[in-house]
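K.L.:
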Amino acid sequence: MFRNSLIRFLALLVVAAGVVLGGSWFYYVEAVSKPFEFGEGTFVVARGETLNGISRRLTDSGITPEPWSLRILARQNGNKPIMAGEYDFPRTMALTEFLDRIVSGRGQVDVGVTIVEGWTFRMMREVLGTAEGLRPDTREWSDDRIMEALGYPDLHPEGQFYPDTYYYRKGDPDLDIYRKAFELMQFRLRQVWAQRSPDLPLDDPYEALIVASIIEKETQDRDEQPTIAGVLFNRLRKGMRLQTDPTVIYGVGDAFDGNITRKHLKTDTPYNTYTRAGLTPTPISLPGMDSLMAAVRPAETEAYYFVAKGGGRHHFSRTLEEHNRAVRKYILGKKQ
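For the sequence shown, my numbering gives the first residue as 801, with consecutive numbering after it.
1) For R1022, collect the residues of the same chain with a Cβ closer than 7 Å to its Cβ; drop the 5 residues on either side in sequence, then sort them by chain order.
2) Out of F921, V845 and R922, which one is the CA nearest neighbour of F898?
3) Measure the beta-carbon distance from V911 to Y967 and round it to whole angstroms, keeping in mind my assumption that it falls under 8 Å.
4) I need the DSSP call for K980, collapsed to helix, strand or coil.
5) Anyone know if the C-beta pair for L858 and L873 falls short of 8 Å?
6) Is it buried or exposed for I1131, if we count other Cβ within 10 angstroms and need 16 for buried?
7) Starting from F898, trace the alpha helix (DSSP H) in both directions and tell me its first and last residue.
8) What does a CB cutoff of less than 6 Å around I1049 pick up in its chain, not counting 5 residues either side in sequence?
9) Using a Cβ distance threshold of 8 Å, determine whether the stretch 888 to 902 contacts the stretch 946 to 962, with at least three qualifying pairs required.
10) Please look up how many angstroms separate the CB atoms of M947 and L955, rounded, as I've assumed it's under 8 Å.
11) Note down, one range per segment and in chain order, each alpha helix (DSSP H) of at least 4 residues found wholly within the stretch 969 to 1053.
12) Pick helix, strand or coil for S869, following the three-state DSSP scheme.
13) Taking 7 Å as the limit between beta carbons, can you name the residues of its chain near I882, skipping five residues before and five after?
14) Can you tell me where the beta strand (DSSP E) with T914 in it begins and where it stops?
15) Hey, how far is the Cα of Y1105 from the Cα of N1072?
16) Which of the three DSSP states is assigned to K1129 in this structure?
17) Nearest-angstrom Cα distance between P1026 and A1094?
18) Drop a sphere of 10 angstroms on the beta-carbon of N1059, count the other beta-carbons inside from all chains shown, and report buried for 16 or more, exposed for fewer.
19) Would G971 pass as a contact of R847 if the rule is Cβ separation under 8 Å?
20) Can you name the residues that DSSP bridges to R935?
21) Could you give the distance in angstroms between the alpha-carbon of E932 and the alpha-carbon of D976?
22) Under the three-state reduction of DSSP, which class applies to A846: helix, strand or coil?
23) Cβ atoms of P998 and E1018: under 8 Å apart, would you say?
24) Flag this pair as touching only if the stretch 1001 to 1010 and the stretch 1078 to 1086 have three or more C-beta atom pairs under 8 Å; answer yes or no.
25) I'd like the list of long-range same chain contacts for A1103, defined as Cβ closer than 8 Å, with 5 residues on each side in sequence excluded.
26) Whole angstroms is fine: what's the gap from A949's alpha carbon to D974's?
27) Suppose the cutoff is 8 Å on Cβ atoms and the five residues either side in sequence are ignored; what does the same chain contact list for A1099 look like?
28) Taking the alpha carbon of L1086 as the point to measure from, which residue in K880, R969 and M985 has its own alpha carbon closest?
29) Bridge partners for A1108 per DSSP, in chain order?
30) By DSSP, does G959 sit in helix, in strand, or in coil?
31) For the candidate residues K880, A884, E837 and R875, whose alpha-carbon lies nearest to that of T864?
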């Protein structure tokens, strides 16, 4: 009698447990598959934040009724690591999709930072050091240390980074942008060097980069850039000094106040092409594709001189006499 009662009791207990477990399982399946309202805006997973913290945050903000369903779901999926970042989620989404996104990184918001043609490496560093969400690992590094991290410890950084818009996710290290820009410049430089004119008076791609950087600072008018290049090469072939103001300004550095003077032109620096013959020792800016192409495929011109005439354009001259007349007209005339 007692034995039969015990068996019936245990059977009822098993049935009751099954009902409870079945109900719990049904509730869990519904909890992870039911769409929840995430609302407008983005969702940020902070670097180092745990799944427990995220679960609690979802519950505290009223998105999910309890925190345990996301933790169980993650455990069922192997407790894969989550990816920090800013996510752009749909308004409604089930926990299964939510977990998939923060594990895969799908839906992270890309942020863009633009490096402008004609900037110097120093200007690039200033922008990357304050770019929104970009981890400033290199902010306190020297230029040499950045180049060493890129694998080129003996290379001067000026001119070596391609000006473009680069995209990243919040929390990414700034060295990633340096690496992308560096690798793209090396690719572009190889690309244009392969298309160089057969009689180009340059020894290697680095010299082409130097010329391109000077062209970039002289003018950003793509129609004039090949002619500017032609003038520079005419002067080099004839043994004339380049005498370009941007090289002087670069050599003056922080002391330049925006007004180039005769004293600047006469003060010798490694970059003063009024006092020194040939090319500058390094590039003076970050040139874009048009300047790179102009440096390797210059226009044929008889001009040896040019002077700015306003509106971003230049007057080109064959002789010094003609050039001096243009200077009186476009430069000295404006000062009178």
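By construction, the Cβ of each residue, glycine as well, lies at the ideal position given by its N, Cα and C atoms.
Fair warning: this is a prediction, and the values are worked out from it, not measured in the lab.
P.N.:
Looking at the coordinates:
1) D1090
2) V845
3) 7 Å
4) helix
5) no
6) exposed
7) L895 to S904
8) F1056
9) no
10) 6 Å
11) 974 to 993, 1005 to 1018, 1025 to 1037 and 1045 to 1052
12) helix
13) V845, L851, I902 and V903
14) D910 to T914
15) 17 Å
16) helix
17) 4 Å
18) exposed
19) yes
20) P973
21) 14 Å
22) coil
23) no
24) yes
25) T1027, G1030, V1031, N1034, F1116, S1117 and R1118
26) 12 Å
27) P1026, T1027, A1029 and G1030
28) M985
29) H1114
30) coil
31) E837
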